[in-house]
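Engineer: Under the UniProt record's numbering, read the sequence shown as residues 1 to 92, first letter to last.
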Amino acid sequence: MFYDGCIGCHVCETVCSYHHLGRFEPSSSSIEIKKGSEGNYPMIFFNGKDGKRVSCDLCRGLEEPLCVKYCSKFKFKKHLSDIVTAEKNNRL
Ligand code: SF4
Ligand code: SF4
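See below:
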């Protein structure tokens, strides 16, 4: 999926990996930010359905999902928050 507003800073990937592994390893996070051909940044969200990467656990135990908390672009924060909320609703 692609959302306007993401600047490809990879902070969300970085903090997600810290949540899962206790270290900064963006390539192992539940989010992948790619570089699109048109200068945009498509995002892949791993929720365990494809067996790849560690599945998003909605930042279990934390008050606010780290990807939302630390996203550096306010506009994209809302998108991330919506994705995490939708995922949470899917699991209820
Ligand atoms: S809510 Fe999911 S994708 Fe976001 S930082 Fe937490 S585990 Fe990663
Ligand atoms: S932290 Fe926000 S702006 Fe940075 S790559 Fe992730 S979604 Fe995009």
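Yeah, the Cβ is synthetic: ideal placement off N, Cα and C, and Gly gets one too.
With DSSP as the reference, label Ile33 as helix, strand or coil.
Structural biologist: Position 33 of the sequence shown, counted from the start, is the residue given in the question as residue 33. Strand at Ile33.
Engineer: Does at least one heavy atom of ligand 2 sit under 8 Å from the Cβ of Cys9?
Structural biologist: The count along the sequence shown starts at 1 and reaches residue 9 at position 9. Cys9 Cβ: within cutoff of ligand 2.
Engineer: Looking at the secondary structure, which residues open and close the beta strand (DSSP E) in which Phe45 lies?
Structural biologist: Taking the sequence shown and counting its residues from 1, one reaches residue 45 at position 45. Looking at the DSSP string, the run of the beta strand (DSSP E) that includes Phe45 is Met43 to Phe45.
Engineer: What does the Cβ neighbour count give for Ser72, buried or exposed, with the cut at 16 atoms within 10 Å?
Structural biologist: By 1-based counting over the sequence shown, the position of residue 72 is 72. Exposed, since its Cβ has fewer than 16 Cβ neighbours within 10 Å.
Engineer: From what residue to what residue does the alpha helix (DSSP H) around Lys69 run?
Structural biologist: Within the sequence shown, numbered from 1, the residue matching residue 69 stands at position 69. Segment Leu66 to Tyr70, the alpha helix (DSSP H) holding Lys69.
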